[in-house]
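Here is the structure we will look at.
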Amino acid sequence: MAEYWYVLRTKPKKELFVYQQLLAREVALYFPSMRVKPVNPRAAKVRPFFPGYLFVQADLDVDGYNAFNWLPGTVGLI
């Protein structure tokens, strides 16, 4: 079947954790982020552009809905 893009909703501040888990599972995903420059230049951080959301490309007939829904740090697929 065809792979479609889905929005995976994550728990607050867990985007990077879920991103790393999905990379380990070799899932195609998109995590838009931006570099934030605080007052202290040593404290530069990367913040998600869409907090609480990741974009996942998957075939739910093969991977299954529960493979993403029950992943630690996620709320579910939209």
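In the working numbering, each number is its position in the sequence shown, counted from 1, plus 431.
Note that beta-carbon positions come from the ideal geometry of N, C-alpha and C, so glycine has one too.
Asked                                                                                          : Found
Own chain, CB closer than 8 Å to aspartate 490, minus 5 neighbours either side, in chain order : Met432, Ala433, Glu434 and Tyr435
Pairwise C-alpha distance: glycine 495 and valine 449                                          : 17 Å
Backbone CA spacing between valine 477 and methionine 465 [nearest angstrom]                   : 6 Å
Per DSSP, cross-strand counterpart(s) of alanine 433                                           : Alanine 433 is not bridged to any residue.
Euclidean distance between Cα positions of proline 482 and glutamate 457                       : 22 Å
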